[in-house]
Amino acid sequence: MHAAHEEAVEAEGFADRAERYAADPDMPTTALFYCAGQAVDHAVRAQSAAGVETTAADLRAELQRSLTVAEYAEQESARRRDAGRRGARRGRPAETRTGSTVHPRCPLGVTSLADRRRHGSP
15 MHAAHEEAVE AEGFADRAER YAADPDMPTT ALFYCAGQAV DHAVRAQSAA GVETTAADLR
75 AELQRSLTVA EYAEQESARR RDAGRRGARR GRPAETRTGS TVHPRCPLGV TSLADRRRHG
135 SP
């Protein structure tokens with residue numbers, strides 16, 4: 015039972031970290047998925063060591079499943095909404111909050127090559 019307890023503690027630690035990462039919009043999603051995967055792996059080991067049914071194994075398949083086009087689109091939409099809200103809280107101008115493609119060396123926010131040349135930017 016000692017091994018089962020150790021694995022369960024590890025699983026809980028990774029799950030807590032994954033929750034914190036999910037709540038932090040600046041954290042890369044790769045870190046979130048890594049921690050979630052580790053939490054599931056440790057949970058499966060804890061269940062195996064305890065001699066009970068490994069129900070956590072089903073979570074592994076769900077984590078490794080590829081997103082459908084609709085799921086991906088919804089995820090990207092939510093990510094952009096969150097980025098806009100974070101930008102608003104940080105006081106960034108609206109055009110940077112919306113993800114416009116403002117050229118970094120163009121002080122007037124011009125985006126096309128013709129506009130840049132008109133304003134003297136390279």
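In this text, residue positions in the sequence shown follow the numbering used here: the first is 15, and each later residue adds one.
The C-beta atom is built at its ideal place from N, Cα and C for all residues, glycine as well.
Keep in mind that this is a model prediction, so the values were computed, not measured.
- The three-state secondary structure of R93, taken from DSSP, is helix.
- In the assembly as shown, A25 is a buried residue. Its beta-carbon has 16 or more other beta-carbons within 10 Å.
- Excluding the 5 residues flanking it on each side, V54 has same chain C-beta neighbours closer than 7 Å at A70, L73, R74, L77, in chain order.
- Annotation for L46: the continuous alpha helix (DSSP H) segment containing it runs 43 to 64.
- In this chain, L81 is not harboured by any alpha helix (DSSP H), its DSSP state being neither H nor E.
- Taking 9 Å as the cut-off, the beta carbon of E21 is found no closer than this to the beta carbon of A50.
- D30: member of the alpha helix (DSSP H) spanning 16 to 37, first to last residue.
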